[in-house]
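Report on the structure given below.
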């Protein structure tokens with residue numbers, strides 16, 4: 057078949073959503089975001105860059121897509137792949153390969169981007185093999201959790217307050233660097249769709265949590281080292297649960313070697329729902 061490859065244009069948003077739903081209709085996990093949630097995902101959370109986001113067309117139908125953004129991450133100018141898909145009837149046509157051939161050429165021509173980063177669900181061995189064939193290499197395993205069960209009782213000495221600012225002080229709470237979408241440089245793009253909560257013990261800011269109430273996704277939860285194992289994270293998560301429009305809270309992309317955080321999540325009733333492989337291509 058003959059395909060046309062065109063840069064993303066916002067007027068094509070509805071067709072992109074339809075293609076996204078179709079491409080992930082047979083995915084390993086349920087991944088069918090409604091229209092407005094998808095809009096927030098690509099324009100805010102991802103902060104899509106049209107010049108590095110390409111659509112594949114067959115006649116008047118969008119049959120494939122590859123979405124990227126660019127930001128500084130871990131001290132490197134990084135292009136992040138926030139979504140690649142081909143609808144089932146056009147798979148096995150090497151569309152994804154052609155999309156990347158075009159986009160990698162553009163990235164190299166820019167001269168500032170040093171790498172491409174993406175995540176693949178552990179069970180998606182076909183996608184992992186495809187990216188490895190392009191030169192991507194494994195960097196780490198990221199664990200994803202969902203809350204199942206009741207949270208432990210909360211200490212009355214912990215007060216949770218809402219904040220309107222993403223404060224520099226929060227960096228002192230982190231025990232590891234968040235993954236790309238929740239990093240300090242990327243997270244501000246989506247603050248209009250996030251709620252920031254702070255946990256206070258007396259006059260001390262003990263921890264913070266950032267989450268998207270429309271889908272229950274926790275972007276970040278962290279507690280200062282002086283206040284860990286005192287119920288601070290439980291207080292933040294319970295408050296988020298009260299404010300969430302989704303009864304199921306999720307925490308994405310915790311590095312598998314971050315054992316204290318993983319054990320703390322399990323103690324609060326979170327279950328390791330799936331894992332992702334982070335892959336990197338140096339360009």
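In my numbering, the protein residues as written are 57 to 339. Cβ coordinates follow ideal geometry from the N, Cα and C atoms, glycine included.
- Comparing alpha-carbon positions, the option among 231, 68, 83 and 256 lying closest to residue 91 turns out to be 68.
- Burial state of residue 189 is exposed, judged by a 10 Å Cβ sphere holding fewer than 16 other Cβ atoms.
- Judged by pairs of C-beta atoms under 8 Å, the region 269–277 touches the region 294–313, as three or more such pairs exist.
- Every beta strand (DSSP E) stretch that sits fully inside the region 208–258 and reaches 3 residues is listed by chain position as 214–219 and 251–257.
- Residue 268 is bridged by DSSP to 273.
- Closest in alpha carbon position to residue 145, among 132, 177, 121 and 79, is 79.
- Taking C-beta separations shorter than 8 Å and ignoring five residues to either side along the sequence, the partners of residue 227 in its chain run 240, following chain order.
- With contacts defined by Cβ atoms closer than 8 Å, residue 64 and residue 102 do not form a contacting pair.
- The criterion of a C-beta distance shorter than 8 Å is satisfied by residue 125 and residue 138.
- Taking C-beta atoms as the reference points, residue 198 and residue 311 count as a pair closer than 8 Å.
- Cβ-Cβ distances below 7 Å link residue 248 to 100 in the same chain, with the five nearest sequence neighbours on each side left out; the list follows chain order.
- Contact check for residue 260 against residue 210 fails: the beta carbons are separated by 8 Å or more.
- Residue burial is scored here from C-beta neighbours: residue 246 has at least 16 other C-beta atoms within 10 angstroms and is therefore classed as buried.
- DSSP places residue 195 inside the beta strand (DSSP E), whose first and last residues are 193–203.
- If you look at residue 306, you'll find it in the beta strand (DSSP E) that goes 306–311.
- Residue state for residue 115 is assigned as coil, using DSSP reduced to three classes.
- Here residue 229 really is in contact with residue 278; their C-beta atoms are around 4 Å apart, less than 8 Å.
- Excluding sequence positions up to five before and after residue 256, its CB lies within less than 8 Å of the CB of 214, 215, 216, 217 and 262, all in the same chain and listed in chain order.
- Each of 108, 184 and 83 was checked against the Cα of residue 156, and the nearest Cα belongs to 108.
- Collapsing the DSSP output to three states places residue 302 in coil.
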